[in-house]
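**Student:** Please read through the structure below; I'll follow up with questions.
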Amino acid sequence: MTAQQGNKRQGQDGGVALIGPQGWTGPDWRRLAYPKGFSTSGRLSWYARVFNAVEVNRTFYGIPSHSTVRTWRGSVPSGFIFAVKMPRQITHEPDLTSSAPELPSFLSAVSELGGSLGAVLIQIPPWFGPDRLPELSQWMSNLPVSETRFFLEACAPALHGPGYGSGLFESLERAGVGAVTTNLIARPGDISISPSLQAGYPRVGQAASPRRSAPSDDGAAVQGWLL
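Using this note's numbering, the first residue of the sequence shown is number 97, and each one after it goes up by one.
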């Protein structure tokens, strides 16, 4: 499937599938996606001519300034959607509640996206063990889910070990938080997500899954996660 075809793909319920990679400024993008000598400031606008969404990974490394986020929004057309990753200074603390001051600051910054903010992604570190599920549940219960759509990255191996199971997804349901799935550690169907969760957020990677000997076909891999 070409990028242009994917950009306009219709879901089975008549909705539009939002498709886009992580970021728009990596080394491969500079070499393959933009005209030679193309200005850095114009790359997001060029990118938005092909894709209708993007996952912003740079926010994982720090809270962006309000002016930066306003620039992002001003570079894309109406209907373009951003999924932004929550900063690690919030999600990777020994105690999630200790990052309380940073969360409002982050949400205030990304609110500059307005209607272009589609999701906030919560990446839990791989060392996050089952003993912290009560802490995670309590923390998620205080997220402003009526204002913003949140998705937990349920792709860390720790989230699928003994002690989690249905308890994790019950916590997500109670909190009104969705789940991210990925073919990098699982196949469609390996992670059972209740229809009562928010809309799914599938991430299809280019690397081979540890459960496979070769990378899967991206188009075929995502089919099992389309509702």
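Each residue gets a CB set at the ideal place from its N, CA and C atoms; glycine is no exception.
Note that the structure is predicted; figures quoted are calculated from it, not measured.
(1) State yes or no: is the C-beta of L248 within less than 8 Å of the C-beta of A275?
(2) Measure the Cβ-Cβ separation of F202 and I186 and say whether it is below 8 Å.
(3) For E269, which of helix, strand or coil comes out of DSSP?
(4) Check whether the Cβ atoms of Y143 and W168 sit closer than 8 Å, and answer yes or no.
(5) Do you know whose CA, among V206, G170, P230, lies nearest V324's CA?
(6) In terms of alpha-carbon separation, which member of A129, P160, L114, D191 lies closest to Q234?
(7) So M236 and V180 are supposed to be a Cβ contact under 8 Å. How far apart are they, rounded?
(8) Considering only DSSP beta bridges, list what T277 is partnered with.
(9) For the alpha helix (DSSP H) that contains I186, what are its first and last residues?
(10) How long is the line joining the alpha carbons of A231 and S195, rounded to whole angstroms?
(11) Report the three-state DSSP secondary structure of E243 (helix, strand or coil).
(12) By the three-class DSSP mapping on this structure, what secondary structure does Q234 have?
(13) Between I159 and E208, is the Cβ-Cβ spacing less than 8 Å?
(14) Quick check on the DSSP output: the beta strand (DSSP E) that includes E151 runs from which residue to which?
(15) Under 6 Å Cβ to Cβ from L114, same chain only, skipping five residues before and after it: list those, please.
(16) How is L114 classed by DSSP in three states: helix, strand or coil?
**Tutor:** So, from the data block:
(1) yes
(2) yes
(3) helix
(4) no
(5) Here the chain has residues from 97 to 323 only, and residue 324 is not among them.
(6) D191
(7) Not confirmed; about 17 Å, so no contact.
(8) P298
(9) 184-187
(10) The sequence shown places Glu at residue 231, not Ala. Cα to Cα, the separation comes out at about 13 Å.
(11) coil
(12) helix
(13) no
(14) 149-152
(15) N148, A149, I177
(16) coil
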